[in-house]
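Participant:
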Amino acid sequence: MREIPVSAISDALCEMCVSINHRLSPDMEKLIYSAREAEESPIGRMVLGKLCENLETAREETIPICQDTGMAVVFLDVGQDVHFTGGSIEDAVNEGVRRGYRDGYLRKSVVGDPLERKNTGDNTPAVIHYQIVKGDKVRITLAPKGFGSENMSKVFMLKPAQGIDGVKDAVISAIRDAGPNACPPMYVGVGIGGDFEKCALMAKRALTRSSDSLPANEKTAELEKELLGEANALGIGPAGLGGRVTVLKINIETYPTHIAGLPVAVNICCHVNRHIGREI
Amino acid sequence: MEKYISAPLTEECAKTLRAGDMVYISGVVYSARDAAHERMSKALDEGKPLPFDISGSIIYYLGPSPARPGRVIGSAGPTTASRMDKYTPRLIDMGLIGMIGKGKRTKEVKDAIKRRGAVYFAAIGGAGALLSKCITAAETIAYEDLGTEAIRKLTVKDLPVIVLIDSDGTDLYETEPPKYAKKP
Chain L
2 MREIPVSAIS
12 DALCEMCVSI
22 NHRLSPDMEK
32 LIYSAREAEE
42 SPIGRMVLGK
52 LCENLETARE
62 ETIPICQDTG
72 MAVVFLDVGQ
82 DVHFTGGSIE
92 DAVNEGVRRG
102 YRDGYLRKSV
112 VGDPLERKNT
122 GDNTPAVIHY
132 QIVKGDKVRI
142 TLAPKGFGSE
152 NMSKVFMLKP
162 AQGIDGVKDA
172 VISAIRDAGP
182 NACPPMYVGV
192 GIGGDFEKCA
202 LMAKRALTRS
212 SDSLPANEKT
222 AELEKELLGE
232 ANALGIGPAG
242 LGGRVTVLKI
252 NIETYPTHIA
262 GLPVAVNICC
272 HVNRHIGREI
Chain U
13 MEKYISAPLT
23 EECAKTLRAG
33 DMVYISGVVY
43 SARDAAHERM
53 SKALDEGKPL
63 PFDISGSIIY
73 YLGPSPARPG
83 RVIGSAGPTT
93 ASRMDKYTPR
103 LIDMGLIGMI
113 GKGKRTKEVK
123 DAIKRRGAVY
133 FAAIGGAGAL
143 LSKCITAAET
153 IAYEDLGTEA
163 IRKLTVKDLP
173 VIVLIDSDGT
183 DLYETEPPKY
193 AKKP
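Here the protein sequences come in this chain order: L and U.
Just so you know, we're using the working numbering here: the first sequence kicks off at 2 and counts up by one.
Just so you know, we're using the working numbering here: the second sequence kicks off at 13 and counts up by one.
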């Protein structure tokens, strides 16, 4: 059994919130810079040029990349030999987010009751997903999620007979409907299988997978590539003003499902796809 | 075409702007998003005045991140305009002439834009750090309790935007993407 004080989780998250809102992960930066080279439309190239310039300004002058610094989505992969000490882990996560958003001058975008809609003033609570894994370490993944794109995300409960074509139609229709609202070029996370909530969670988690890593198997990798080609034939382009680069990358996760179902979730993210990990 | 305009905006000037024009705005614009629009709508229902003179004004759909000490504002890019569509035709009929945001608008908003000779501009979504550099002054003028959603009077210098829907109702989102769409 390894003891980890919950304050270590707070400290890590505080630093991660500030860091990722000012500088994207290297895989994301690389994608956006190469998109600028690949785009054919003049207005699309202009937009991508501005996005590159924006990344530089954010980094050099410590201004958040986007004013929507997101709702903090936190994945905690907790080793089963870990014992947390010094308080509640949930409180510790929220304390880290609270400090990060306050000290980092990040936007407070969370309302308490979804119908009363009063801002909580500190960007908490976070959305926390726990998973128990082997070992004695804790893996923290933070993905602050903007809602311009989140609002365009969808879950489809397909019938098994709809098969692979149904899955492709679902993903492409979600991207088409998202259009200019989701700040293209988009990054798309897809979950196929599981059940209603499992596919949505996989789609979210897929957004945090580095764009230069490969999915679980070759077949999924091919599907990612094929869907990317189809998405970029839509013509939506950067900022929705027409062009070849509508989607930067599609990441897919899959899971076994029920004989009666084929759930598909499409989590749309904009080009500011923030994800950062730390191991304690 | 590239055009330099000043805000507040005159009807004559708005009519010269064409979908696709790259426009640099200098002058005063007001930030307002979801919650501020709801409050303005409620104020009007109750016969109360709006917190600023809407006639000839430009609203920037924006909720900025907080300013660091010594700075005017934090990151300041556009939010999705469609969430304000419900409130917009009424404001346009009262004299609102320009909107800065991103994303598609409803038919009701487009009709109001055409009817009153207004204009809808796009600022680049997700370029908030860069866009913040064009804001030279920011003052909260209403609904301070809403935090980022309060109404701010913003002084801007050469804020870069693109005309999305012009006073004739031409919509860049309808004309441009089909040119790059590939038939399967």
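Every residue, glycine too, gets a C-beta built ideally from N, C-alpha and C.
Buried or exposed for L215 of chain L, going by 16 or more other Cβ atoms inside 10 Å?
Facilitator: Here residue 215 of chain L refers to the residue found at position 214 of the first sequence. Label assigned to L215 of chain L: exposed.
Participant: Anything in chain U within Cβ reach of R100 of chain L, meaning under 9 Å, just list it in chain order.
Facilitator: Numbered from 1 along the first sequence, position 99 holds the residue referred to as residue 100 of chain L. Those do not exist, as R100 of chain L stays about 14 Å from chain U at its closest Cβ, beyond 9 Å.
Participant: Name the chain U residues that come within less than 8 Å of V248 of chain L, Cβ to Cβ?
Facilitator: The count along the first sequence starts at 1 and reaches residue 248 of chain L at position 247. None at all; the shortest Cβ gap to chain U is about 13 Å.
Participant: Going along chain U, which residues have a C-beta under 7 Å from K51 of chain L?
Facilitator: Stepping through the first sequence from its first residue, residue 51 of chain L is reached at position 50. Going along chain U in sequence order, the residues near K51 of chain L (Cβ under 7 Å) are I136, A139, L142.
Participant: Excluding the 5 residues preceding and the 5 following L52 of chain L in the sequence, name in chain order all residues of the same chain whose CB lies nearer than 7 Å to its CB.
Facilitator: Counted from its first residue, the first sequence places residue 52 of chain L at position 51. So the list reads I33, H272, once near-sequence residues are dropped.
Participant: By DSSP's criteria, L143 of chain L is part of a beta bridge. Which residues make up the other side?
Facilitator: Reading the first sequence from its first residue, position 142 is the one you call residue 143 of chain L. Paired residue(s): L:V75, L:I277.
Participant: Starting from the Cα of S35 of chain L, find the closest Cα among L:S212, L:K109, L:F85 and give me that residue.
Facilitator: Along the first sequence, read from residue 1 onward, the residue named residue 35 of chain L stands at position 34. Checking every option, the nearest Cα to that of S35 of chain L belongs to L:S212.
Participant: Can G68 of chain U and P101 of chain U be called in contact, C-beta distance under 9 Å?
Facilitator: Locating residue 68 of chain U in the second sequence gives position 56, counting from the first residue. Locating residue 101 of chain U in the second sequence gives position 89, counting from the first residue. Contact flag unset, no.
Participant: Going along chain U in order, which residues have a C-beta closer than 9 Å to the C-beta of C271 of chain L?
Facilitator: Position 270 of the first sequence, counted from the first residue, corresponds to residue 271 of chain L. Chain U residues near C271 of chain L: G137, G138.
Participant: Output, in chain order, the set of chain U residues within a Cβ distance shorter than 7 Å of E54 of chain L.
Facilitator: Locating residue 54 of chain L in the first sequence gives position 53, where the first residue counts as 1. Under the 7 Å cutoff, chain U gives L142.
Participant: Closest to C67 of chain L by CA distance: which of L:K109, L:N22, L:N252 is it?
Facilitator: Along the first sequence, read from residue 1 onward, the residue named residue 67 of chain L stands at position 66. Of the candidates L:K109, L:N22, L:N252, the one whose C-alpha sits nearest the C-alpha of C67 of chain L is L:N22.
Participant: Would you decide whether F197 of chain L is buried or exposed? Buried here means 16 or more other CB atoms lie within 10 Å of its CB.
Facilitator: As a first step, residue 197 of chain L is located in the first sequence; it is residue number 196 there, counting from the start. Burial call: exposed.
Participant: Between which two residues does the alpha helix (DSSP H) containing D170 of chain U stretch?
Facilitator: Residue 170 of chain U sits at position 158 when you count from the first residue of the second sequence. Premise fails: D170 of chain U lies in the beta strand (DSSP E), 163-177, not in any alpha helix (DSSP H).
Participant: Tell me which residues of the stretch 230-255 of chain L have at least one Cβ-Cβ distance to chain U shorter than 8 Å, keeping chain order.
Facilitator: Listed by position, the residues of the stretch 230-255 of chain L near chain U (Cβ gap below 8 Å) are E231, A234, L235, G236, I237, G238, A240, G241, L242, G243, G244, R245.
Participant: Considering only residues of the same chain and omitting the five flanking positions on each side of A175 of chain L, which have a CB-CB separation below 6 Å?
Facilitator: Numbered from its first residue, the first sequence carries residue 175 of chain L at position 174. Cβ neighbours of A175 of chain L beyond the five flanking positions: K155, V267.
Participant: Kindly indicate if chain L contains any beta-carbon less than 9 Å away from that of K145 of chain U.
Facilitator: By one-based count along the second sequence, residue 145 of chain U stands at place 133. K145 of chain U counts as touching chain L.
Participant: Which same chain residues end up closer than 7 Å to V48 of chain L when comparing Cβ atoms and leaving out the 5 residues on each side of it in sequence?
Facilitator: For this step, residue 48 of chain L is matched to residue 47 along the first sequence. Only P239, A240, L242 meet the Cβ criterion.
Participant: Apply the 10 Å Cβ neighbour rule to P240 of chain U and answer buried if 16 or more other Cβ atoms are within range, or exposed otherwise.
Facilitator: Within the shown structure, residues of chain U are numbered from 13 to 196, placing residue 240 of chain U beyond reach of any answer.
Participant: What residue ranges within the stretch 143-211 of chain L form continuous beta strand (DSSP E) runs of no fewer than 3 residues, ordered along the chain?
Facilitator: Runs of the beta strand (DSSP E) inside the stretch 143-211 of chain L: 155-159, 187-195.
Participant: Are the C-beta atoms of L228 of chain L and some chain U residue less than 9 Å apart?
Facilitator: Working through the first sequence from its first residue, we reach residue 228 of chain L at position 227. So no, L228 of chain L is outside the interface.
Participant: Using a Cβ-Cβ cut-off of 9 Å, state whether N182 of chain L counts as contacting chain U.
Facilitator: Translated into positions along the first sequence, residue 182 of chain L becomes position 181. Yes, its Cβ sits closer than 9 Å to a Cβ of chain U.
Participant: What residues from the stretch 80-98 of chain U come within 7 Å of chain L, judged by C-beta to C-beta, listed N to C?
Facilitator: Taking 7 Å as the Cβ-Cβ cut-off against chain L, the residues of the stretch 80-98 of chain U that qualify are R80, G86, S87, A88, G89, T91, T92, S94.
Participant: Closer than 8 Å, Cβ to Cβ, to anything on chain U: give me those residues from the stretch 195-217 of chain L, in chain order.
Facilitator: Here the close residues number zero.
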